[in-house]
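J.:
There are 2 protein chains.
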Amino acid sequence: MKKILSIDVGGTKISHCVFNEKGEALSEIKKHSSPKKIEEMIDLFKKIISEHEKSVDYIAFATAGAINLQNTKVESSTPNLPNGYNKIDFSLLSEKPVFVENDANAAAWAEYKLGAAVGHQNTVIVTLGTGIGGGIIINGELLRGKSGRAAEIGSIKLFPDKRRKCTCNNYDCWESYASGTGLKTTAKELAESLIEFKESIYKNKQPNEITTHDIVSGIKENDSYSIKVFDCWHNHLLSGLISLTNIFDPESIVISGGMGEFIRFSELESEINGSIVVSPIKLLLAKMKNDAGMVGAALLAYEKNK
Amino acid sequence: MKKILSIDVGGTKISHCVFNEKGEALSEIKKHSSPKKIEEMIDLFKKIISEHEKSVDYIAFATAGAINLQNTKVESSTPNLPNGYNKIDFSLLSEKPVFVENDANAAAWAEYKLGAAVGHQNTVIVTLGTGIGGGIIINGELLRGKSGRAAEIGSIKLFPDKRRKCTCNNYDCWESYASGTGLKTTAKELAESLIEFKESIYKNKQPNEITTHDIVSGIKENDSYSIKVFDCWHNHLLSGLISLTNIFDPESIVISGGMGEFIRFSELESEINGSIVVSPIKLLLAKMKNDAGMVGAALLAYEKNK
């Protein structure tokens, strides 16, 4: 059975682990702090690779950024990684075949091969965290687009008329409403405009200090303000999921990321299926854990080279 | 060279023509009125097929409705076609191989193989008419989804908060704003709310009688109301195109349908490319004509059977 060294490159940590071709870990996951300088980062990659190169068949990277169609380079800017990161030709880092994939795509692939979407040839994986990312499987293949940048589902437009500025400098991206950050922004806006806030258990808090956990706790205490904030967020989330369902007619939509725990899945699934023009979907919670990107990149490296 | 009899089934007309495997017409296009009864429609199909069956290799149908993954049956309801239409097994209509595709998908395929999107492995064809339809090509293949219903891009949601009811009974579908019907609805709404309407050249018209052509003529006469209506429609159109671009990272978006003539392509292309997080697209006017569905179905029937 083939072995793959998989390296997950994040802005704060670089993790690595050896997997077999089924995606089963053959070692502990090891972690390093991400170097701030590009030379140090390349040295770290070389060090990790040299430790395993002889015993593995392929090297895989899961990383932020848009990946070229040859799966050898990062082509976009990557603000959380060192300057020059998109100059690295990963294929030159080892004599073994090297395969690079975007971390959200890689995690989606893991979910499709081993997680909640097993057997679903058409599925959309939505990562709901501080932002919204995603990966899309069509007929058992990753959607990559002309330049490897496809599946930027966080940038679906939720309103056409310029209301909320997004971190990407555009307006009204889905992620500026339906992510964790979006929920906080909605909490702040409604604290400033809703009459219910004056009676809320959070009435003495600064609007910009109200957190997702405050809102979720508030619902349990039947706090009208918290309920309105959550319903508004839930509706923003619903809207994008309806669009994705009508576009892809997928078997499932899988929610991963930290915000997944706050979703009422069966309620949201019913709402989606009551508002679409394609056939019904399943709305599922992701099964893969934090190592999804690493596992998915390992599986992809195997698939592409076998 | 192979020959394909292609039949386009619409609510008012049934057209047919024989093509070669390159999509070149080998006969005049013949048209019949669409029968109202299912038995008469099946008889008409059989009559057309029997006239050409011996001299062609394949039979193709382009039709409204969602098509099953085997391309033999219509699986959705088709309000403009006779009751029982989705019971027809098209594969039983001829001894030659029969291939059925949704008319918007077939037209998109023609645009990809012979029209504005030639060479674009990833492209989105948007049909802007009284409604919005479309077809999507990914890696040179039609996006069909789990049940053949994918690419319902007219049902992308433009607002999350229930403003305008769509003909599909849901709210705020893109097509209820960015189609021809959508432009008319916007003209009516703004006639009732915009102060500029009182000074407009259309001030004596009933708001619901203002047409797309009125608005386009009004712009030429520098009518402020007409300009605001058009800008609003243009912005609604832009919003959906941005979402599609961020999702698919396509090489191009091709606009077909009657509303295409009103679009300022280079302005709209710049606006899209200035508001996306993927790499730039080309915005193109469709080259194929009314027979696009018939041509595309013929080409698909050849591809699938060759």
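Residue numbers (the numbering used here), protein chains in the order written: chain X, 0 to 305; chain C, 0 to 305.
In this text, a Cβ means the ideal position worked out from N, Cα and C, and glycines have one as well.
1. Kindly give me the distance between the Cβ atoms of X:Val73 and X:Ala65, rounded to whole angstroms, as I take these residues to be in contact under 8 Å.
2. Assuming X:His15 is part of the beta strand (DSSP E), what are its boundary residues?
3. With a threshold of 6 Å on Cβ separation, who are the neighbours of C:Ser225 within its own chain once the five nearest residues in sequence on each side are excluded?
4. Look at the Cβ atom of X:Ser251, then the Cβ atom of X:Ile280, and state whether they are nearer than 7 Å.
5. Closer than 8 Å, Cβ to Cβ, to anything on chain C: give me those residues from the segment 258-277 of chain X, in chain order.
6. Flag X:Ser192 as yes if its beta-carbon sits less than 7 Å from any beta-carbon of chain C, otherwise no.
7. Would you check if the distance between the CB atom of C:Val276 and the CB atom of X:Ser154 is smaller than 7 Å?
8. Taking a cut of 7 Å between CB atoms, which residues from the segment 239-253 of chain X lie near chain C?
9. Mind listing the chain C neighbours of X:Ala149? Cutoff is C-beta to C-beta under 9 Å, in chain order.
10. Tell me whether X:Cys172 sits in a helix, a strand or coil according to DSSP, three-state version.
11. Taking three-plus beta-carbon pairs below 8 Å as touching, is the segment 265-274 of chain C in contact with the segment 230-238 of chain C?
12. Closer than 7 Å by C-beta to X:Ile131: which residues in its own chain qualify, once you throw out the five before and the five after it? Chain order, please.
13. At the level of alpha carbons, what is the spacing between C:Phe158 and C:Ile3?
14. Relative to the alpha-carbon of C:Ile13, which residue among C:Leu68, C:Pro34, C:Leu283 and C:Arg162 has its alpha-carbon at the smallest distance?
15. For the alpha helix (DSSP H) holding X:Gly239, just list the boundary residues, first then last.
16. Quick one: what's X:Ile87 bridged to in DSSP?
17. Would you list the one or two residues that DSSP bridges to X:Glu100?
18. How many angstroms separate the CA atom of X:Leu68 from the CA atom of X:Val99?
19. Closest by CA to C:Tyr111, which one among C:Gly295, C:Ala300, C:Asn304 and C:Glu302?
20. Can the beta-carbon of C:Ala106 be found closer than 7 Å to that of C:Ala291?
21. Thinking C-alpha only, which one of X:Asp102, X:Ala103 and X:Asp88 is nearest X:Pro96?
22. Is the Cβ of X:Ile124 closer than 7 Å to any Cβ of chain C?
23. Where does the unbroken beta strand (DSSP E) through C:Val277 begin, and where does it stop?
24. Quick check on X:Lys145 - is its C-beta less than 7 Å from some C-beta in chain C?
25. For C:Lys72, does the three-state DSSP call read helix, strand or coil?
T.: Here's the rundown:
1. Here residue 73 of chain X refers to the residue found at position 74 when the first sequence is read from its first residue. Here residue 65 of chain X refers to the residue found at position 66 when the first sequence is read from its first residue. With 8 Å as the limit, X:Val73 and X:Ala65 qualify as a contact, their Cβ atoms being about 7 Å apart.
2. For this step, residue 15 of chain X is matched to residue 16 along the first sequence. Element bounds for X:His15: Lys12 to Asn19.
3. Against the second sequence, residue 225 of chain C aligns to sequence position 226. For C:Ser225, where only same-chain residues beyond five positions count, the Cβ hits under 6 Å are Ile214, Gly217 and Ile218.
4. On the first sequence, residue 251 of chain X is found 252 positions in, with the first residue counted as 1. On the first sequence, residue 280 of chain X is found 281 positions in, with the first residue counted as 1. In contact: X:Ser251 and X:Ile280 (Cβ atoms closer than 7 Å).
5. Ser274, Ile275, Val276 and Val277
6. What you label residue 192 of chain X is simply residue 193 of the first sequence in a count that begins at 1. So no, X:Ser192 is outside the interface.
7. In the second sequence, counting from the first residue as 1, residue 276 of chain C sits at position 277. In the first sequence, counting from the first residue as 1, residue 154 of chain X sits at position 155. Taking 7 Å as the Cβ cut-off, C:Val276 and X:Ser154 qualify as a contacting pair.
8. Ile241, Ser242, Asn245, Ile246, Phe247, Asp248, Pro249 and Glu250
9. Sequence index remark: in the first sequence, residue 149 of chain X carries index 150 (1-based). Going along chain C in sequence order, the residues near X:Ala149 (Cβ under 9 Å) are Asn121, Ile137, Asn245, Ile246, Phe247, Asp248, Pro249 and Val277.
10. Your numbering for residue 172 of chain X matches position 173 in the first sequence. Strand at X:Cys172.
11. yes
12. Taking the first sequence and counting its residues from 1, one reaches residue 131 of chain X at position 132. So the qualifying residues of the chain are Val125, Ile152, Gly153, Trp173, Glu174, Ala177 and Ser178.
13. Within the second sequence, residue 158 of chain C is the residue found at index 159, counting from 1. Within the second sequence, residue 3 of chain C is the residue found at index 4, counting from 1. Approximately 44 Å, taken between the alpha carbons.
14. As a working mapping, residue 13 of chain C is identified with position 14 in the second sequence. Ranking the options by Cα distance to C:Ile13, first place goes to C:Pro34.
15. Position 240 of the first sequence, counting from 1, holds the residue named residue 239 of chain X. Per DSSP, X:Gly239 belongs to the alpha helix (DSSP H) from Ser223 to Phe247.
16. Here residue 87 of chain X refers to the residue found at position 88 when the first sequence is read from its first residue. DSSP output for X:Ile87 lists no bridge partner at all.
17. Looking up residue 100 of chain X in the first sequence gives position 101. Partner(s): X:Ala61.
18. Locating residue 68 of chain X in the first sequence gives position 69, where the first residue counts as 1. Locating residue 99 of chain X in the first sequence gives position 100, where the first residue counts as 1. For X:Leu68 and X:Val99, the distance between alpha carbons rounds to 10 Å.
19. In the second sequence, residue 111 of chain C corresponds to position 112, counting from 1. Ranking C:Gly295, C:Ala300, C:Asn304 and C:Glu302 by Cα distance to C:Tyr111 puts C:Gly295 first.
20. Translated into positions along the second sequence, residue 106 of chain C becomes position 107. Translated into positions along the second sequence, residue 291 of chain C becomes position 292. Yes; because the gap between Cβ atoms is below 7 Å, this pair is in contact.
21. Taking the first sequence and counting its residues from 1, one reaches residue 96 of chain X at position 97. Ranking the options by Cα distance to X:Pro96, first place goes to X:Asp88.
22. Here residue 124 of chain X refers to the residue found at position 125 of the first sequence. No, because no Cβ of chain C sits closer than 7 Å to the Cβ of X:Ile124.
23. As a first step, residue 277 of chain C must be located in the second sequence, where it is residue number 278. From DSSP, C:Val277 is part of no beta strand (DSSP E); its letter is neither H nor E.
24. Residue numbering aside, residue 145 of chain X sits at position 146 when the first sequence is read from its first letter. Interface residue, yes.
25. As a position in the second sequence, residue 72 of chain C is number 73, starting the count at 1. C:Lys72 falls in the coil class under three-state DSSP.
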